[in-house]
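Colleague: Starting off with a structure, shown below.
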Amino acid sequence: MNYNHLRYFSVLAELEHYTLAAARLEISQPSLSSAIRNLENELGVELFEKVGRNIRLTEQGRFFQKRVDAVMEELNAATEALKVSQEKAPIIIRLGFVSGSLEGTVAREIASTLQENSRCLFHITEGSAKDLMDQLHQEKLDMAIVDVTVRDRSLHFRKLRQRDFCVALPQEHPLAQRKSLRVSDLSDCVQIGFSHSMDKSFEDWATHPDVRQNFLCQVNTVSSALALVKANVGISILPEEVVCPTEGVRFLPLENRHQALYLCIVYDRWLDPPVWEFAERLVTHLRKLSNP
């Protein structure tokens, strides 16, 4: 039993005329006759009986018609509701990012998408790369901008760009008058780290046996780190894209230290076309910045 057989039966039961029913259904009369015969064979009852050259519903046919018509009405209503929701329901893009990676181009791409498609909404989550990948597996995120890759065949990583780092220092710090700094220059400095992945990923490329790191406290946001730097608690290493003029704080480039950012998605997971389009334009535009 399939949807078409029920639809054919409903129309034929209404008209009780094969030629008229076939015309409304836009199928041939033999095809309609074959479908009704298959339906009767499957049910084990006769739904129609011949009256001269015409047909009419049997008692079983009238019983079946009431229920089929009710089902068809529900299906038609559900179909219309689905079409309306497809045209009006919001498209939610669930984006995760590691600290500092939402600045600049990414934020502008979000703004452009919102302007171009009024149905789009963004649910944005900040966290460590590990937490974001876990949320991807749990289907809580559609995509995430991360700063590390892992050997996980269910995840696909697409390189976006390289980012540089700088050091935020109190204005009166002894190193504040330099033009740039190296990691070795920071060995005696009290540092403010991050409880997201930034401090961990920094350790991946900045920790050496001869470099001692002195993390006095950890924070969740760049603004918290800068507030502590301004209060002369310590220094903080930040991605260059989050740098903005801050009273009482000096920013110096950190030499020879770079970090790649990746767009991470789950292999073979279906995404709404607008969600996928956003991912593609993000990759395209960020790669252009890296390779002008």
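Just so you know, we're using my numbering here: the sequence shown kicks off at 613 and counts up by one. Even glycine gets a Cβ: it sits at the ideal position worked out from N, Cα and C.
In or out: Ser-622 buried (at least 16 other Cβ within 10 Å) or exposed?
Modeller: On the sequence shown, residue 622 is found 10 positions in, with the first residue counted as 1. So Ser-622 ends up on the buried side.
Colleague: Pull the bridge partners of Thr-737 from the DSSP assignment, please.
Modeller: On the sequence shown, residue 737 is found 125 positions in, with the first residue counted as 1. Gly-708.
Colleague: State the Cα-Cα distance for the pair Arg-765 and Tyr-879, rounded to the nearest angstrom.
Modeller: Position 153 of the sequence shown holds residue 765. Position 267 of the sequence shown holds residue 879. Each residue's Cα considered, the two are about 8 Å apart.
Colleague: For Met-755, list the residues DSSP reports as bridge partners.
Modeller: Along the sequence shown, one-based indexing puts residue 755 at 143. Bridge partners of Met-755: Leu-707.
Colleague: Are at least three pairs of beta-carbons, each pair with one atom in the segment 691 to 710 and one in the segment 734 to 745, less than 8 Å apart?
Modeller: yes
Colleague: Under a three-way DSSP split, which group does Pro-865 fall into?
Modeller: The count along the sequence shown starts at 1 and reaches residue 865 at position 253. It is a strand residue.
Colleague: Between Gly-860 and the rest of its own chain, which residues show a CB-CB distance below 7 Å, the 5 nearest in sequence each way excluded?
Modeller: Here the question's residue 860 lines up with position 248 in the sequence shown. Pro-782, Gln-783, Lys-842, listed in sequence order.
Colleague: Where does the unbroken alpha helix (DSSP H) through Ile-847 begin, and where does it stop?
Modeller: The sequence position of residue 847 within the sequence shown is 235, counting from 1. Per DSSP, Ile-847 is not a residue of any alpha helix (DSSP H), being assigned neither H nor E.
Colleague: For Tyr-620, does the three-state DSSP call read helix, strand or coil?
Modeller: Taking the first residue of the sequence shown as 1, we reach residue 620 at position 8. Tyr-620: helix per DSSP, three-state reduction.
Colleague: Assess, as a yes-or-no matter, whether the segment 871 to 889 is touched by the segment 749 to 761 under the definition of 3 or more beta carbon pairs within less than 8 Å.
Modeller: yes
Colleague: Going residue by residue through the segment 622 to 680, where are the continuous beta strand (DSSP E) segments of at least 3 residues, counting only ones entirely within it?
Modeller: 660 to 663, 666 to 669
Colleague: Nearest-angstrom Cα distance between Ala-818 and Gln-750?
Modeller: Taking the first residue of the sequence shown as 1, we reach residue 818 at position 206. Taking the first residue of the sequence shown as 1, we reach residue 750 at position 138. Only weak support exists for where Ala-818 lies, its pLDDT of 46 falling under 50; the coordinates are left without a value.
Colleague: Check whether the segment 778 to 798 and the segment 837 to 857 are in contact - that is, three or more C-beta pairs closer than 8 Å.
Modeller: The segment 778 to 798 is in contact with the segment 837 to 857.
Colleague: Smallest Cα separation from Ile-804: which of Ser-835, Ser-796, Ala-633?
Modeller: As a working note, residue 804 is residue 192 in the sequence shown. It is Ser-835 whose Cα lies nearest to the Cα of Ile-804.
Colleague: Sort out for me which residues DSSP pairs Ile-877 with in a bridge.
Modeller: To locate residue 877, count along the sequence shown from 1; it is residue 265. Answer is His-768, bridged to Ile-877.
Colleague: Sort Met-613, Gln-641, Ser-711 by Cα distance to Glu-654 and report the nearest one.
Modeller: For the purposes of this step, residue 654 is taken as the residue at position 42 of the sequence shown. The residue with the shortest Cα to Cα distance from Glu-654 is Met-613.
Colleague: Secondary structure at Asn-688, three-state DSSP: helix, strand or coil?
Modeller: Taking the sequence shown and counting its residues from 1, one reaches residue 688 at position 76. DSSP places Asn-688 in helix when its eight states are reduced to three.
Colleague: According to DSSP, is Gln-774 helix, strand or coil?
Modeller: Counting from 1 along the sequence shown, the entry for residue 774 is found at position 162. In this structure, Gln-774 counts as strand in the three-state DSSP scheme.
Colleague: Consider the C-beta atom of Glu-852 and the heavy atoms of the ligand MN; say whether any pair is separated by less than 8 Å.
Modeller: In the structure on display, the ligand MN does not appear, and there are no ligands present to speak of.
Colleague: In the structure shown, what three-state DSSP assignment does His-785 receive?
Modeller: Locating residue 785 in the sequence shown gives position 173, where the first residue counts as 1. It is coil, neither helix nor strand.
Colleague: What are the partner residues of Ile-804, as DSSP defines its beta bridges?
Modeller: Numbered from 1 along the sequence shown, position 192 holds the residue referred to as residue 804. According to DSSP, which records beta bridges pairwise, Ile-804 is partnered with Cys-829.
Colleague: Could you say if the segment 785 to 795 and the segment 862 to 869 meet the contact criterion of at least three C-beta pairs nearer than 8 Å?
Modeller: Because the criterion of three Cβ pairs below 8 Å is met, the segment 785 to 795 and the segment 862 to 869 touch.
Colleague: Have a look at His-808 and Asp-681 and give me their C-alpha separation to the nearest angstrom.
Modeller: The residue you call residue 808 lines up with position 196 of the sequence shown. The residue you call residue 681 lines up with position 69 of the sequence shown. At His-808 the pLDDT is 48, less than 50, meaning the model places this residue with poor confidence; the figure from the coordinates comes in the next sentence. Distance between the alpha carbons of His-808 and Asp-681: 58 Å.
Colleague: Who are the Cβ neighbours of Ala-837 in its own chain at under 6 Å, not counting the five residues just before and after it?
Modeller: Locating residue 837 in the sequence shown gives position 225, where the first residue counts as 1. Closer than 6 Å at Cβ, skipping near neighbours: Ile-804, Val-831, Ser-848.
Colleague: I need the straight-line Cα distance from Glu-652 to Leu-659, nearest angstrom please.
Modeller: Along the sequence shown, one-based indexing puts residue 652 at 40. Along the sequence shown, one-based indexing puts residue 659 at 47. Straight-line Cα distance between these residues: approximately 6 Å.
Colleague: Give me the Cα-Cα distance between Leu-787 and Leu-828, rounded to the nearest whole angstrom.
Modeller: In the sequence shown, residue 787 corresponds to position 175, counting from 1. In the sequence shown, residue 828 corresponds to position 216, counting from 1. Those two C-alpha atoms are separated by around 18 Å.
Colleague: Applying the 10 Å Cβ sphere with the 16-neighbour rule, what's the burial state of Gly-846?
Modeller: Counted from its first residue, the sequence shown places residue 846 at position 234. Per the 10 Å Cβ criterion, buried.
Colleague: Quick one: using the 10 Å Cβ neighbour count with 16 as the cut-off for buried, is Val-663 buried or exposed?
Modeller: Counting from 1 along the sequence shown, the entry for residue 663 is found at position 51. With fewer than 16 Cβ atoms within 10 Å of its Cβ, Val-663 is classed as exposed.
Colleague: Can you give me the start and stop residues for the alpha helix (DSSP H) that Leu-726 sits inside?
Modeller: As a working mapping, residue 726 is identified with position 114 in the sequence shown. Counting along the chain, the alpha helix (DSSP H) containing Leu-726 begins and ends at 717 to 728.
Colleague: Where do the N-terminal and C-terminal ends of the alpha helix (DSSP H) with Leu-791 fall, by residue?
Modeller: In the sequence shown, counting from the first residue as 1, residue 791 sits at position 179. For the record, residue 791 in the displayed sequence is Lys; it is not Leu. Counting along the chain, Lys-791 falls outside any alpha helix (DSSP H), and DSSP gives it neither H nor E.
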